[in-house]
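Written below as structure tokens is the structure these notes are about.
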Amino acid sequence: MGFRNATAADLDSVAAVHIKAFPGFFLTRLGRGFLCELYRGFLEHPDGIFLVAIDDQGGVTGFAAGTMAPDRFFSDLRRSRGVHFLFHAIPALLCSPSLVIAKLYSAVFYRGDKPADLDGGALLSSIGVQPEM
37 MGFRNATAAD LDSVAAVHIK AFPGFFLTRL GRGFLCELYR GFLEHPDGIF LVAIDDQGGV
97 TGFAAGTMAP DRFFSDLRRS RGVHFLFHAI PALLCSPSLV IAKLYSAVFY RGDKPADLDG
157 GALLSSIGVQ PEM
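Residue numbers (the working numbering): 37 to 169.
Quick look at the structure:
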């Protein structure tokens, strides 16, 4: 078992771990494509932090994603990947329109929940581990 920085090649495996670790959660319901876009944001943003746990064969068994600048990370993510998020949310939107619209609306105004008196703080946004681990 070890840890390393995530790469683009890990996105599908991270999405698979997320789906297994968080069955029934809202982001899981948005699907693998949506999750890959979300985690791609942590990978590509200069303030993103994205690590994977790997087994002895190099397979992804867990992950942690966050940001050093929650106040700008999520607004940058909406601007740069918003169309991709919307595209991947369409199936869930068709199945549960009121739930998805309400959640996506609140996501538009999400600022990372950084405490007002914590300058320079980081935000752990998501952490997941294969349930069997």
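Beta carbons: idealized from backbone N, C-alpha and C, even for Gly.
Exercise. From L122 to D92, what distance separates their C-alpha atoms?
Worked result: Computed Cα separation, rounded: 37 Å.
Exercise. Can you check whether the CB of V53 is closer than 9 Å to the CB of A42?
Worked result: Between A42 and V53, the CB-CB gap reaches or exceeds 9 Å.
Problem set entry | Check whether D48 and C72 have beta carbons under 9 Å apart | Taking 9 Å as the Cβ cut-off, D48 and C72 qualify as a contacting pair.
For this session: Throw me the rounded Cβ distance for the Y75 and F86 pair, which I believe falls under 8 Å.
Result: With 8 Å as the limit, Y75 and F86 qualify as a contact, their Cβ atoms being about 7 Å apart.
For this session: Within the same chain, show all residues whose beta-carbon is closer than 8 Å to that of I163, passing over the 5 residues directly before and after it, in chain order.
Result: Excluding residues within five positions, the ones whose Cβ falls inside 8 Å are G98, F99, A100, A101.
Exercise. Shortest alpha-carbon distance to V165 belongs to which of A89, R114, M104, A105?
Worked result: V165 has its Cα closest to that of A89, out of A89, R114, M104, A105.
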